[in-house]
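Visitor: One structure coming up, written as structure tokens, with questions to follow.
Residue numbers (the numbering used here): 247 to 562.
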């Protein structure tokens, strides 16, 4: 890194500063990126060894100029995240944080219960940007392309048309209900890339937080069984409230019935009732269900293209 810059572990009380840094970095590449809250960072940090699994980069004046973390998704699968604050590009922060992430991931992969097994480290970065080039230079492979999509909720919205026998309601937020929603989502995504799902504990840590409002979620049931879900959340985009469809899942036995489109339109309506004027989501552009085509037909447009890059960490 350029002279005067350095790295250290973040402090627990810096969640607000880190959230602001990350949002600035994301908005510089995609103005429609949703803002993550300090509470979300505190939740992630609670499952990390903060002194070893995260780093902030500091500028010569002591301000935070970059952030990175490494998280174990499951045995053999690690995820790194890194950001450089606008105004500090070209100082070598991105390269330093990528190299630190790789070193830390190798350390984590070599410890119990992961020791001795091959592992993979993945990053999600904007395609054709500086991070893309730095990862390729370090032998990372582009394995998947994801899209961020968004649409306005201004004006009349089409009403959902539900398949015969399907009833719809919000989630009640109880632990039992959350487990049923998770089970439906895991069944629906069993044919995803790699075909390996998330445990309930990891899923709930990723999607359920202090501002979660299950009344926004849309649950579709048939014969008392959840066959489709739209897991929804509120965020902030360009300093205004916005909706986010975090997961839209249809059980395989209920596919090709129009249920996915109905869930999406119902989610739009829930957000509009709250006075939200835009909604977004992320989607795998190579989804075997063709979900990105459904979203485009529902009026959503691509705002950013994100590459999933991976590198193998040799077994030790």
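C-beta atoms are modelled at their ideal positions from N, C-alpha and C, and glycine is treated no differently.
Go ahead and pull the three-state DSSP assignment for residue 399.
Guide: Three-state DSSP puts residue 399 in coil, outside helix and strand.
Visitor: Where does the unbroken beta strand (DSSP E) through residue 559 begin, and where does it stop?
Guide: Run containing residue 559: 547-559, per the beta strand (DSSP E) assignment.
Visitor: Check residue 347 in the structure and name its three-state DSSP category.
Guide: Three-state DSSP puts residue 347 in a helix.
Visitor: Would you tell me roughly how many angstroms separate the C-alpha atoms of residue 567 and residue 259, rounded to the nearest one?
Guide: Nothing can be reported for residue 567, as the shown portion of the chain is limited to 247 through 562.
Visitor: Distance check for residue 254 and residue 515, CA to CA, integer angstroms please.
Guide: Distance between the alpha carbons of residue 515 and residue 254: 45 Å.
Visitor: Note the first and the last residue of the continuous alpha helix (DSSP H) segment covering residue 380.
Guide: Residues 376-383.
Visitor: Taking the alpha-carbon of residue 313 as reference, which of 537, 345, 402, 324 has the nearest alpha-carbon?
Guide: Nearest of 537, 345, 402, 324 to residue 313, Cα basis: 345.
Visitor: The alpha helix (DSSP H) spanning residue 274 covers which residue range?
Guide: Residue 274 -> alpha helix (DSSP H) spans 261-275.
Visitor: Thinking C-beta only, is residue 332 closer than 8 Å to residue 249?
Guide: For residue 249 and residue 332, no; Cβs fall outside 8 Å.
Visitor: Using DSSP bridges, identify the partner residues of residue 313.
Guide: For residue 313, which the question treats as bridged, DSSP gives the partners 302, 329.
Visitor: Are the region 322-338 and the region 361-376 touching, with three or more C-beta to C-beta distances below 8 Å?
Guide: Yes: the two stretches touch, three or more of their Cβ pairs being nearer than 8 Å.
Visitor: To which residues of the same chain is residue 428 closer than 6 Å at the C-beta, ignoring the five residues directly before and after it?
Guide: Excluding residues within five positions, the ones whose Cβ falls inside 6 Å are 446, 449.
Visitor: Does residue 479 pass the burial test, meaning 16 or more other C-beta atoms within 10 Å, or should it be called exposed?
Guide: Its Cβ being crowded by 16 or more others within 10 Å, residue 479 is buried.
Visitor: Straight-line CA distance for residue 266 to residue 293?
Guide: Using only the alpha carbons, I get a separation of about 21 Å.
Visitor: Let me know the beta strand (DSSP E) ranges lying completely inside the region 452-500, each 3 residues or longer, listed in chain order.
Guide: Entirely contained in the region 452-500, the beta strand (DSSP E) runs reaching 3 residues are, in chain order, 464-468, 471-483, 486-496.
Visitor: So for residue 576, helix, strand or coil by DSSP?
Guide: In the structure as shown, the chain begins at 247 and stops at 562. Residue 576 is therefore absent and cannot be evaluated.
Visitor: Taking the alpha-carbon of residue 419 as reference, which of 387, 457, 443, 388 has the nearest alpha-carbon?
Guide: Here the closest residue by C-alpha is 457.
Visitor: Could you spell out the range, first to last residue, of the beta strand (DSSP E) harbouring residue 334?
Guide: That residue, residue 334, is in no beta strand (DSSP E); it is neither H nor E in DSSP.
Visitor: From this set, 475, 541, 397, which residue's C-alpha is nearest residue 426's C-alpha?
Guide: Ranking the options by Cα distance to residue 426, first place goes to 475.
Visitor: Taking only three categories from DSSP, how would you classify residue 324?
Guide: Three-state result, residue 324: strand.
Visitor: Quick one: using the 10 Å Cβ neighbour count with 16 as the cut-off for buried, is residue 469 buried or exposed?
Guide: By the 10 Å Cβ count, residue 469 comes out exposed.
Visitor: In chain order, what residues of the same chain lie with their CB nearer than 7 Å to the CB of residue 417, ignoring the 5 residues before and after it?
Guide: Excluding positions up to five away in sequence, the list reads 423, 427, 460, 463, 465.
Visitor: On the CB-based measure, 16 or more other CB atoms within 10 Å of its CB, does residue 299 come out buried or exposed?
Guide: By the neighbour-count rule (16 or more Cβ atoms within 10 Å), residue 299 is buried.
Visitor: Take residue 280 as the anchor and find which of 524, 319, 436 has the nearest alpha-carbon.
Guide: Comparing Cα positions, the closest option is 524.
Visitor: For residue 390 versus residue 554, is the C-beta spacing smaller than 8 Å?
Guide: It is a contact, given that the beta carbons lie within the stated cut-off.
Visitor: Here's the rule: buried if 16 or more other CB atoms are within 10 angstroms of the residue's CB, otherwise exposed. What is residue 398?
Guide: With fewer than 16 other Cβ atoms within 10 Å, it is exposed.
Visitor: State yes or no: is the C-beta of residue 497 within less than 8 Å of the C-beta of residue 473?
Guide: Against a cut-off of 8 Å, the Cβ pair of residue 473 and residue 497 comes out as a contact.
Visitor: Helix, strand or coil for residue 258? Go by DSSP, reduced to three states.
Guide: Residue 258 falls in the helix class under three-state DSSP.
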